[in-house]
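>
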Amino acid sequence: QQQVKQSPQSLIVQKGGISIINCAYENTAFDYFPWYQQFPGKGPALLIAIRPDVSEKKEGRFTISFNKSAKQFSLHIMDSQPGDSATYFCAGDSGGGADGLTFGKGTHLIIQP
Amino acid sequence: DSGVTQTPKHLITATGQRVTLRCSPRSGDLSVYWYQQSLDQGLQFLIQYYNGEERAKGNILERFSAQQFPDLHSELNLSSLELGDSALYFCASSVAGTGNTEAFFGQGTRLTVV
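First to last, the sequence lines map onto chains A and B.
First residue of the first sequence? That's 8 in my numbering, and the numbers climb one at a time after it.
First residue of the second sequence? That's 6 in my numbering, and the numbers climb one at a time after it.
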């Protein structure tokens, strides 16, 4: 499987701050880029997703920025809250779904009150 | 609650043994995916079934196999277990057989091989 590289591995942000997680992908066949949020003891849950025909998608406090030429995308969490403390995974998927989701290694985010 | 049910939640077994993990997808979803989550490898796609047929194969070992039944539930069979197979195993389901659709994950089965 082609890799998705995610950074940072861990991140500590003060309450009210902006959390930024970055991902880079290799497979140019990817045409769907979801972000999943996982709390301890739970399965990953879809947070927000983007397709490469747009450069940005915003849902509430969560924004994905997408740079197709650089093969990079990032998640911004505005006004970060303690309840956002979780592990975040970026992923890529091709339309044919031949490989399932290819996940990054995850970012452990802690929001300090 | 994602609507995807996995059983059992925890499983402890010895090396060399065989186990079966079960997944019931969300109502109406035809696709079932299996993923393995470990600290060193992260979330790795194993295999996908769509409406009873194998659709895609990822990093699944030959000792592992899966199937999807007519009622759309799926089972992942792990045999000749090794210590390194200890991991969280997730099932996910989606309505379509291809990518670009939301996949809903179950709460996982934590497998410990001793």
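Even glycine gets a Cβ: it sits at the ideal position worked out from N, Cα and C.
Mind checking the region 50-63 of chain A against chain B and listing, in chain order, the residues whose C-beta falls within less than 9 Å of any C-beta there?
Gly50, Pro51, Ala52, Leu53, Ala56 and Arg58
> Please name the residue or residues paired with B/Leu26 in a DSSP beta bridge.
Translated into positions along the second sequence, residue 26 of chain B becomes position 21. B/Leu26 pairs with B/Leu81.
> Helix, strand or coil: how does DSSP classify A/Asp38 here?
Position 31 of the first sequence, counted from the first residue, corresponds to residue 38 of chain A. In this structure, A/Asp38 counts as strand in the three-state DSSP scheme.
> So if DSSP puts B/Tyr50 in a beta bridge, which residue, or which two residues, is it bridged to?
Taking the first residue of the second sequence as 1, we reach residue 50 of chain B at position 45. The sequence shown places Phe at residue 50 of chain B, not Tyr. DSSP, once it has assigned bridges, lists B/Tyr40 as partnering B/Phe50.
> Restricting to Cα atoms, I'd like to know which of A/Asp100, A/His83 and A/Thr109 is closest to A/Ile27.
Stepping through the first sequence from its first residue, residue 27 of chain A is reached at position 20. Selected option, being the one with the closest Cα: A/His83.
> In this structure, how does DSSP classify A/Gly50 when only helix, strand and coil are distinguished?
Stepping through the first sequence from its first residue, residue 50 of chain A is reached at position 43. Here A/Gly50 sits in coil by DSSP.
> Give the residues of chain B in contact with A/Gly107, contact being defined as C-beta atoms less than 7 Å apart.
Counting from 1 along the first sequence, the entry for residue 107 of chain A is found at position 100. In chain order: Tyr38, Phe50, Gln53, Ala61 and Gly63.
> Give the C-beta separation of B/Val118 and B/Glu87 to the nearest angstrom, bearing in mind that I take them to be a contact with Cβ-Cβ under 8 Å.
Taking the second sequence and counting its residues from 1, the one referred to as residue 118 of chain B is at position 113. Taking the second sequence and counting its residues from 1, the one referred to as residue 87 of chain B is at position 82. 7 Å between Cβ atoms; contact.
> Are A/Ala7 and A/Phe46 touching if we call contact CB-CB under 8 Å?
Since the first residue shown for chain A is 8 and the last is 120, residue 7 of chain A is missing from the structure and cannot be characterised.
> Do B/Ala97 and B/Asn82 count as a contact pair if the criterion is CB distance below 8 Å?
What you label residue 82 of chain B is simply residue 77 of the second sequence in a count that begins at 1. What you label residue 97 of chain B is simply residue 92 of the second sequence in a count that begins at 1. Cβ atoms of B/Asn82 and B/Ala97: not closer than 8 Å.
> Compute the beta-carbon to beta-carbon distance between B/Phe74 and B/Asn64, rounded to the nearest angstrom, for a pair I have assumed lies under 8 Å.
Along the second sequence, one-based indexing puts residue 74 of chain B at 69. Along the second sequence, one-based indexing puts residue 64 of chain B at 59. With a Cβ gap of about 24 Å, B/Phe74 and B/Asn64 do not count as contacting.
> Contact check, B/Phe95 vs B/Phe109 under 8 Å by CB: the rounded distance?
In the second sequence, the residue the question calls residue 95 of chain B occupies position 90. In the second sequence, the residue the question calls residue 109 of chain B occupies position 104. Incorrect: roughly 11 Å between the Cβ atoms, too far for contact.
> Which runs of the beta strand (DSSP E) fall wholly inside the region 48-113 of chain A and span at least 3 residues, in chain order?
52-57, 63-66, 69-74, 79-84 and 93-101
> Sorted by chain position, which residues of the same chain lie with C-beta nearer than 7 Å to A/Asp86's C-beta, five sequence neighbours on each side aside?
Here residue 86 of chain A corresponds to residue number 79 of the first sequence, with the count starting at 1. Gly23 and Arg68.
> Determine whether the Cβ of A/Gly23 lies closer than 8 Å to any Cβ atom of chain B.
The sequence position of residue 23 of chain A within the first sequence is 16, counting from 1. Answer no: the Cβ-Cβ gap between A/Gly23 and chain B never drops below 8 Å.
> DSSP state of B/Leu88, grouped into three classes?
For this step, residue 88 of chain B is matched to residue 83 along the second sequence. Of the three classes helix, strand and coil, the one that applies to B/Leu88 here is helix, per DSSP.
> Classify A/Ile28 as helix, strand or coil using the three-state DSSP reduction.
By 1-based counting over the first sequence, the position of residue 28 of chain A is 21. Residue state, collapsed to three classes: strand.
> Sorted by chain position, which residues of the same chain lie with C-beta nearer than 7 Å to A/Gln21's C-beta, five sequence neighbours on each side aside?
Reading the first sequence from its first residue, position 14 is the one you call residue 21 of chain A. If we look at A/Gln21 and ignore the five residues flanking it on each side, its Cβ neighbours are Gln119.
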